[in-house]
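What follows is a short report on a single structure.
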Amino acid sequence: MASTSRRCFLALALSAGASAGVPAPAAAEPAQGVVWPESQALPWFSPPERLDVLDLVAAGPDEQILAASLQGSVNRRRPRIYLLQPSSEGPETWLRTLGVPYEQAPDLYALVARYRAELRGLVVPDPAVPA
């Protein structure tokens, strides 16, 4: 049961990360951060300037949770981390579709080191709580 809820969590995190990279109409784009008017179902995110891409296709559950947590924290100001995960479309389909410049990160810990100054607090996943 825990691995199913983790998969669900990771799928949602990937979806959120992918949608964060989709630019909104020019008039609605915030310079930085998120704008969520009450009149719409989903927020507008700042457009990405470039992305650090991390391949999670062969990563274990612990690294996937750490990567999704890092992505969620760092991408609050502007989409900057994109996670590649197994997908029926192929892991790089949306990355190529976005047309945003990107650089492949060597590993998860290189990204943690890169964004270390922006990280505060911690995320404690509980396998007993469904994602």
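Going left to right, the sequence shown walks through residues -20 to -1, 1 to 111 as mature numbering (1 follows the signal peptide of the UniProt record, and there is no 0) numbers them.
Idealized CB from N, CA, C, for every residue including glycine.
The structure displayed is predicted, hence computed values, not measured ones.
At a threshold of 8 Å, does residue i count as lining the ligand SAM (C-beta to nearest heavy atom)?
i   : result
V54 : As for the ligand SAM, it is missing from this structure, which has no ligand bound.
Classify residue i as buried or exposed, calling it buried when 16 or more other Cβ atoms lie within 10 Å of its own Cβ.
i           : result
V37         : exposed
L46         : buried
L34         : buried
residue 120 : For residue 120 there is no data in the structure shown, the boundaries of the chain being -20 and 111.
A97         : exposed
S68         : exposed
W24         : buried
What whole-angstrom Cβ distance do residue i and residue j have, given they're in contact under 8 Å?
i   : j   : result
D32 : I61 : 5 Å
L63 : A48 : 7 Å
For residue i, collect the residues of the same chain with a Cβ closer than 7 Å to its Cβ; drop the 5 residues on either side in sequence, then sort them by chain order.
i   : result
P66 : V37
P28 : G1, R58, P59, R60, V80
V92 : L50
L99 : S53
L22 : none
Leaving out five residues on either side along the sequence, give the residues of the same chain with a beta carbon under 6 Å from the beta carbon of residue i.
i    : result
E43  : L88
G101 : none
A108 : none
A39  : none
A6   : The predicted model places A6 with a pLDDT of 46, which falls under 50 and marks its position as unreliable, so this point remains unresolved.
Which of the three DSSP states is assigned to residue i in this structure?
i   : result
W74 : helix
A7  : Because A7 carries a pLDDT of 46, less than 50, the predicted location of this residue cannot be relied on, and the following value inherits that uncertainty. Residue state, collapsed to three classes: helix.
E69 : coil
D87 : coil
L36 : coil
Considering only residues of the same chain and omitting the five flanking positions on each side of residue i, which have a CB-CB separation below 8 Å?
i   : result
E83 : R30, L31, D32, V33
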